[in-house]
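**Student:** Per our numbering, residue 2 is the first one in the sequence shown, and the count goes up by one each step.
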Amino acid sequence: MENFVNQSPSKRLCISDVLTSPRKKIKVEYGEEMTEEEDEDAVLAEFSHPVPWQKIEAEGLDLDYALLFSKEEADHLFKKLEEEVMYSTGEEAKVQVFGKVYNIPRRQATYGDAGLSYTYSGMKHLACTWTPTLEYIRDAVTKTTGHTFNFVLVNRYKDGQDHIGEHRDDEKELDPLCPIASVSLGAARDFVCRHRDARGKQSCRQIEPVKLKLAHGSLLLMNQPTNTFWYHSLPVRKKVLLPRINLTFRRILLNK
Ligand SMILES: O=C(O)CCC(=O)C(=O)O
2 MENFVNQSPS
12 KRLCISDVLT
22 SPRKKIKVEY
32 GEEMTEEEDE
42 DAVLAEFSHP
52 VPWQKIEAEG
62 LDLDYALLFS
72 KEEADHLFKK
82 LEEEVMYSTG
92 EEAKVQVFGK
102 VYNIPRRQAT
112 YGDAGLSYTY
122 SGMKHLACTW
132 TPTLEYIRDA
142 VTKTTGHTFN
152 FVLVNRYKDG
162 QDHIGEHRDD
172 EKELDPLCPI
182 ASVSLGAARD
192 FVCRHRDARG
202 KQSCRQIEPV
212 KLKLAHGSLL
222 LMNQPTNTFW
232 YHSLPVRKKV
242 LLPRINLTFR
252 RILLNK
């Protein structure tokens, strides 16, 4: 298996250029950090879901990764989302790439505050009203990170054939001060980040991709300026037979 930065506790520590003491740090609200030894009790008192964070850094890349929900809670949330989320059909289930329109290789839905919309890959997506489970997860992410979100993009991958190609979430209507918070439920999937200067045949630099396995119940924060310099994708994995739901909570700027 390749260099996955969160593959196993023993492997984590080998990749010292992208990780900073993953087991020693707990991230607290508004980005401060303190050691477990120093103030574990205060952290446990403050958050309903105490989460050990891993910081993953590379040139222009800044990610935080943690397990947010226990297996039991994640199982329950997955089941509730399967009941509640209504996925897009028709034109909204298509994507435009270099002027050509394709069916997306997964299912998608957009939820958020009243009146919000988000345009990506050439299609405008209106927000449906938050469901109770999406609100619950959004509030758990806010409680843990200190950031508020007014929109979520839901991606459902029926199995490892479903995927998302390399892209950046760099639309101008996204608030640059707010990270994109990605919650994963269901089958663990590989998540690959590639620097914009190290992509394809025209690549002008050799920069190693950063690869993570996004676990059931996990939370990944894509902090600034990650989406300026790095593309991300969820590649096809034929051996994955189970479904996965991913929620990317975002803050959309009003009047953009
Ligand atoms: O499913 C994932 O983990 C990735 C989703 C994604 O790339 C996006 O919502 O922009």
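From the three backbone atoms N, C-alpha and C, an ideal C-beta is built for every residue, glycine too. Note that the coordinates shown come from a computational prediction; the quantities given were computed from them, not determined experimentally.
Could you check whether the Cβ of Phe192 sits closer than 7 Å to any heavy atom belonging to ligand 1?
**Tutor:** yes
**Student:** Do Val184 and His233 count as a contact pair if the criterion is CB distance below 8 Å?
**Tutor:** no
**Student:** Only counting runs of 3 or more residues, tell me where the beta strand (DSSP E) segments fall wholly within the segment 135-205, in order along the chain.
**Tutor:** List check, beta strand (DSSP E) in window: 152-158, 165-168, 181-187 and 190-196.
**Student:** From Ser122, Val142, Gly61 and Arg206, pick the residue whose C-alpha is nearest to that of Glu92; which is it?
**Tutor:** The closest CA to that of Glu92, considering only Ser122, Val142, Gly61 and Arg206, is found on Ser122.
**Student:** With a CB to CB cut of under 7 Å and the five nearest residues on each side skipped, what residues in its chain are close to Tyr31?
**Tutor:** Bear in mind that a pLDDT of 29 at Tyr31, under 50, signals an unreliable position, so the number given afterwards is only what the model happens to contain. Contacts found: Gly147.
**Student:** Looking only at C-alpha atoms, which of Val98, Thr134 and Ser89 sits nearest to His126?
**Tutor:** Ser89
**Student:** Between His233 and ligand 1, is the CB less than 7 Å from at least one heavy atom?
**Tutor:** yes
**Student:** Exposed or buried, Pro133, counting other C-beta atoms within 10 Å across all chains shown (16 or more means buried)?
**Tutor:** Of the residues assessed, Pro133 falls on the exposed side of the cut-off, its CB having fewer than 16 other CB atoms within 10 angstroms.
**Student:** Excluding the 5 residues preceding and the 5 following Leu222 in the sequence, name in chain order all residues of the same chain whose CB lies nearer than 8 Å to its CB.
**Tutor:** Leu64, Asp65, Tyr66, Thr146, Pro180, Ile181, Ala182 and Ser183
**Student:** Using 10 angstroms around the beta-carbon of Thr1, count the other beta-carbons present and answer buried if the total reaches 16, otherwise exposed.
**Tutor:** Nothing can be reported for residue 1: it is not among the residues displayed for the chain, which extend from 2 to 257.
**Student:** Measuring straight from C-alpha to C-alpha, what distance separates Gln203 and Glu209?
**Tutor:** 15 Å
**Student:** Just the Cα atoms here: how many angstroms apart are Asp191 and Asn228?
**Tutor:** 18 Å
**Student:** Please work out which residues of its chain come closer than 7 Å, Cβ to Cβ, to Ser71, disregarding the five sequence neighbours upstream and downstream, and give them in chain order.
**Tutor:** Counting only residues of its own chain and dropping the five nearest sequence neighbours on each side, Ser71 has a CB closer than 7 Å to the CB of Gly218.
**Student:** On the DSSP letters alone, give me the boundaries of the alpha helix (DSSP H) that Ala110 sits inside.
**Tutor:** Element bounds for Ala110: not the alpha helix (DSSP H) but the beta strand (DSSP E), Arg108 to Gly113.
**Student:** Between Val220 and Leu69, how many whole angstroms is the CB-CB distance? I'm expecting something under 8 Å.
**Tutor:** Per the sequence presented here, residue 220 reads as Leu, with Val not at that position. About 4 Å separates the two Cβ atoms, so the contact holds.
**Student:** Report yes if the CB atom of Gly187 is closer than 8 Å to the CB atom of Leu243, and no otherwise.
**Tutor:** yes
**Student:** Of the choices Ile165, Ala75 and Lys56, whose alpha-carbon is the least far from that of Asn104?
**Tutor:** Ile165
**Student:** Beta carbon of Thr1: closer than 7 Å to some heavy atom of ligand 1?
**Tutor:** In the structure as shown, the chain starts at 2 and stops at 257, and residue 1 therefore has no counterpart that could be examined.
**Student:** Identify the continuous alpha helix (DSSP H) that holds Ser256 and give its terminal residues.
**Tutor:** For the record, residue 256 in the displayed sequence is Asn; it is not Ser. Element bounds for Asn256: n/a, residue is neither H nor E.
**Student:** Residue range of the alpha helix (DSSP H) that Lys72 falls in?
**Tutor:** Here the alpha helix (DSSP H) through Lys72 covers Lys72 to Glu85.
**Student:** For ligand 1, I want to know if Ser185 counts as a neighbour, meaning its beta carbon is within less than 7 Å of at least one of the ligand's heavy atoms.
**Tutor:** yes
**Student:** Do you know how far the Cα of His196 is from the Cα of Glu58?
**Tutor:** 12 Å
**Student:** Taking the alpha-carbon positions, what's the Leu248 to Gly100 distance?
**Tutor:** 27 Å
**Student:** How far does the beta strand (DSSP E) with Thr120 in it reach, from first residue to last?
**Tutor:** Ser118 to Tyr121
**Student:** Using only the alpha-carbon positions, how far apart do Val241 and Ala189 sit?
**Tutor:** 8 Å
**Student:** Under 6 Å Cβ to Cβ from Gln97, same chain only, skipping five residues before and after it: list those, please.
**Tutor:** Excluding residues within five positions, the ones whose Cβ falls inside 6 Å are Ser122 and Gly123.
**Student:** Is the closest heavy atom of ligand 1 to the C-beta of Asp170 under 7 Å?
**Tutor:** Yes, the Cβ of Asp170 comes within 7 Å of a heavy atom of ligand 1.
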